[in-house]
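Asker: One structure follows; several queries about it will come next.
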Amino acid sequence: MKKVITYGTFDMLHQGHLNILKRAKELGDYLIVGVTSDDFDSRRGKINVQQSMMERVEGVKETGLADQIIIEEYEGQKIDDINRLGIDVFAIGSDWKGKFDYLSEFCQVVYLERTKGISSTQVRSQHNHLRLGLVGKAKHLWKVANEAVAINGIDIVGTSGSEHDSRLGELPDYSFNELIEKSDAVFIESNVKDRYEQIYYALNHRRHVLCDLPMAIGAEKQRELLKNARKNECVLMSGVKTAYSTAYYRLLLMVKSGEIGDVISVETTCTSLSEISKISEHIENNIWSSMDAWGATALLPVFQILGTNYANRNIVTKLSDDHFDIFTKMDFVYENAVATVKVGKGVKSEGEMIISGTKGYVYVPAPWWKTSYFEIRYEDQNRNKRFFYELEGEGFKYELVNFLRAINHGRVINYTDDVVLEKISAVYKEFCSRENIVEI
Ligand code: C2G
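Taking this note's numbering, the leading residue of the sequence shown gets 106, the next gets one more, and so forth.
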């Protein structure tokens with residue numbers, strides 16, 4: 106029996122894919138199709154894939170052409186597969202011409218003519234052009250805007266609140282209501298106190314929302330927003346970009362699978378220096394404080410790893426003359442673990458994350474919130490492991506692509522649990538009302 110293998114993402118399966126599968130099948134008696142895993146695709150820079158791996162596998166299955174489907178998960182797997190499965194022919198589209206010649210050592214390599222005039226990119230852009238509005242000040246939006254333009258299927262229609270800042274190019278600036286009129290979805294990174302009203306309004310007009318955390322002040326308000334999103338059948342997603350980076354997500358899975366034993370301590374630090382030197386000018390210049398700028402990001406791993414049921418918490422904040430928090434330290438005591446979170450705006454420190462366990466610890470160097478790299482370290486250094494996952498730009502792309510996917514497929518891939526969102530809002534509220542907070 107002559108065995109043929111071919112590989113691909115097969116996103117939004119189209120005629121080009123069907124043709125290649127048919128031709129590959131004709132090269133032998135038994136066709137094996139390797140479908141790329143979501144992780145492998147994002148590592149090789151293919152992050153704009155719309156369908157999940159399961160949906161893509163289903164698509165290939167439905168063609169009835171594959172005798173066997175396998176998952177391609179890592180670089181170098183092709184050689185392994187060819188040897189392990191006893192492959193006679195490796196077939197791939199002519200766009201890869203020359204790239205897989207190295208496999209001819211193991212089997213016959215055939216490049217099949219690529220079908221002209223059709224691609225997943227084209228299918229994606231015909232299907233879903235999401236009109237996205239951006240809400241907030243230019244200094245918070247320009248990076249998102251830069252990364253969003255590269256995403257197929259997203260058109261930025263304008264902003265609200267950016268006041269025609271040159272960093273946003275020619276984007277028109279509208280009133281909030283006007284922007285909602287013109288958009289299918291909004292990305293919100295406005296001042297925390299404005300977010301609840303804005304999200305509520307957007308959801309009631311059936312617009313999808315991607316919003317920085319906290320989305321609201323207090324757990325109840327956050328819960329209300331989530332309920333409202335469900336009622337209006339809209340996607341309401343957390344806009345903390347760290348949660349969508351492959352390295353961070355992998356790290357969470359490893360910690361949860363017991364790689365460092367029981368977690369005893371989580372420590373996170375996020376700081377940045379303020380854009381202006383005179384602290385007393387913070388408020389009038391609309392500069393975010395330590396909690397506004399960093400609170401949610403720094404709390405996220407604590408609540409995702411240790412849960413939200415801590416027994417005690419202690420918060421100390423250093424206030425400037427105008428009552429602006431330039432540094433805040435939060436300690437949480439759980440039944441079996443502790444956490445320390447330090448955030449600063451106008452104070453600088455090492456922005457690292459350390460997760461300590463009974464068998465080892467995870468070390469993520471600064472800036473951990475934009476991480477592409479982390480280490481798992483043990484007593485015996487020879488067992489230490491290093492992990493690297495490419496992170497393009499600031500990482501906004503990943504959350505935008507996930508947002509687009511959630512909208513197109515009517516479901517949210519739950520990167521951040523509702524209870525975590527609620528707890529972040531709750532802590533923020535306690536902080537704002539200075540409930541049991543030590544001021545120095
Ligand atoms: N294809 C084609 N004609 C098109 C589009 C795609 O013949 N118009 C072929 C590609 O050449 C490839 C297969 O269909 O052989 C799957 O294409 P993609 O889903 O784009 O996957 P790709 O990124 O090419 O993955 O390890 C993964 C593989 O190396 C290929």
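For glycine and all other residues, C-beta sits at the position ideal for the given N, C-alpha and C.
Small disclaimer: the values here were computed from a predicted structure and weren't measured.
1. Per the DSSP calculation, Cys-316 is bridged to which residue(s)?
2. Between the C-alpha atoms of Ser-280 and His-269, what's the straight-line distance to the nearest angstrom?
3. Expressed to the nearest angstrom, what Euclidean distance is found between the alpha-carbon atoms of Ala-290 and Leu-273?
4. Would you mind reading off the limits of the alpha helix (DSSP H) that contains Thr-141?
5. How would you write the range of the beta strand (DSSP E) that Leu-239 sits in, first residue to last?
6. Roughly how many angstroms lie between the CA atoms of Tyr-533 and Ala-352, to the nearest whole one?
7. CA-CA distance, Val-438 and Leu-208?
8. Please report how far the alpha carbon of Val-240 lies from the alpha carbon of Ile-304, in whole angstroms.
9. Closer than 7 Å to a non-hydrogen atom of ligand 1 - does that hold for the CB of Asn-257?
10. Report the residue from Leu-378, Glu-178, Glu-535 and Glu-480 whose alpha carbon sits nearest the alpha carbon of Pro-319.
11. Taking C-alpha atoms, which residue in Val-214, Ala-250, Lys-475 and Val-254 lies nearest to Phe-195?
12. Is it the case that the stretch 132–152 contacts the stretch 174–189, given that we only count it when at least three CB pairs across the two stretches are under 8 Å?
13. Would you mind reading off the limits of the beta strand (DSSP E) that contains Arg-491?
14. In chain order, what residues of the same chain lie with their CB nearer than 6 Å to the CB of Lys-202, ignoring the 5 residues before and after it?
15. Would you say the beta carbon of Tyr-353 is closer than 7 Å to some non-hydrogen atom of ligand 1?
16. Tell me, please, which residues DSSP counts as bridged to Glu-544.
17. Could you name the residues of the same chain whose beta carbon sits closer than 7 Å to that of Ser-395, not counting the 5 residues immediately before and after it, in chain order?
18. Taking Cβ to Cβ, would you say Ala-321 is nearer than 8 Å to Leu-315?
19. Thinking C-beta only, is Lys-464 closer than 8 Å to Glu-480?
20. Can you determine whether any heavy atom of ligand 1 sits closer than 7 Å to the C-beta of Arg-219, and answer yes or no?
21. According to the neighbour-count rule (16 or more other Cβ atoms, all chains shown, within 10 Å of its Cβ), is Arg-61 buried or exposed?
22. Taking DSSP as the reference, what is the three-state secondary structure of Ile-223?
23. Check whether the Cβ of Tyr-483 lies closer than 7 Å to any heavy atom of ligand 1, and answer yes or no.
24. For Met-106, count neighbouring Cβ atoms within 10 angstroms of its own Cβ and tell me buried if that reaches 16, exposed if not.
25. Does the distance from the C-beta atom of Ile-256 to that of Lys-502 stay below 8 Å?
26. According to the neighbour-count rule (16 or more other Cβ atoms, all chains shown, within 10 Å of its Cβ), is Gln-409 buried or exposed?
27. Taking the Cβ atom as the reference point for each residue, do Thr-402 and Val-525 lie within a distance shorter than 8 Å?
28. Given 8 Å as the limit, is there contact between the stretch 414–430 and the stretch 471–480, that is, 3 or more CB pairs closer than that?
29. Rounded to a whole number of angstroms, what is the C-alpha to C-alpha distance between Leu-356 and Val-340?
30. Give the secondary structure of Thr-111 by DSSP, where H, G and I count as helix, E and B as strand, and everything else as coil.
31. Can you check whether the CB of Gly-133 is closer than 8 Å to the CB of Lys-166?
32. Counting C-beta neighbours from all protein chains within 10 Å, is the total for Met-159 16 or more, i.e. buried, or is it exposed?
33. Take Gly-456 and list the residues in its own chain whose beta-carbon comes closer than 8 Å to its own, dropping the five residues that flank it on each side.
34. Which residues bound the beta strand (DSSP E) around Arg-335?
35. Excluding the five sequence neighbours on either side, which residues of its own chain have a C-beta within less than 7 Å of the C-beta of Arg-300, listed in chain order?
36. Among residues of its own chain, excluding the 5 on either side of Val-371, which ones have a beta-carbon nearer than 7 Å to its beta-carbon?
Answerer: Short version:
1. The bridge partners DSSP lists for Cys-316 are Ile-293 and Ser-343.
2. 12 Å
3. 18 Å
4. From DSSP, Thr-141 is part of no alpha helix (DSSP H) but of the beta strand (DSSP E) over 135–141.
5. Start and end: 235–241.
6. Straight through space, the alpha carbons of Ala-352 and Tyr-533 are spaced by roughly 27 Å.
7. 55 Å
8. 10 Å
9. no
10. Glu-535
11. Val-214
12. yes
13. That run of the beta strand (DSSP E) goes 490–493.
14. Tyr-216
15. no
16. Thr-422
17. Annotation for Ser-395: Asp-430, Ile-431, Phe-432, Thr-433, Val-448, Gly-449 and Lys-450 place their beta carbon closer than 7 Å to its own, counting only its chain and skipping 5 residues before and after.
18. no
19. no
20. Yes, Cβ of Arg-219 sits closer than 7 Å to a heavy atom of ligand 1.
21. Because the chain is modelled from 106 through 545, residue 61 falls outside the range shown and cannot be assessed.
22. Note: Ile-223 maps to coil in three-state DSSP.
23. no
24. exposed
25. Against a cut-off of 8 Å, the Cβ pair of Lys-502 and Ile-256 comes out as a contact.
26. buried
27. No, the pair does not count as a contact, with Cβ atoms beyond the cut-off.
28. no
29. Straight-line Cα distance between these residues: approximately 26 Å.
30. strand
31. no
32. exposed
33. Thr-374, Cys-375, Thr-376, Ala-471, Pro-472, Trp-473 and Trp-474.
34. It is not in any beta strand (DSSP E) - Arg-335 instead sits in the alpha helix (DSSP H) that spans 324–336.
35. Ile-293, Cys-316, Met-320 and Ala-321
36. Pro-406, Val-407, Ile-410, Leu-411, Ala-444 and Ile-460
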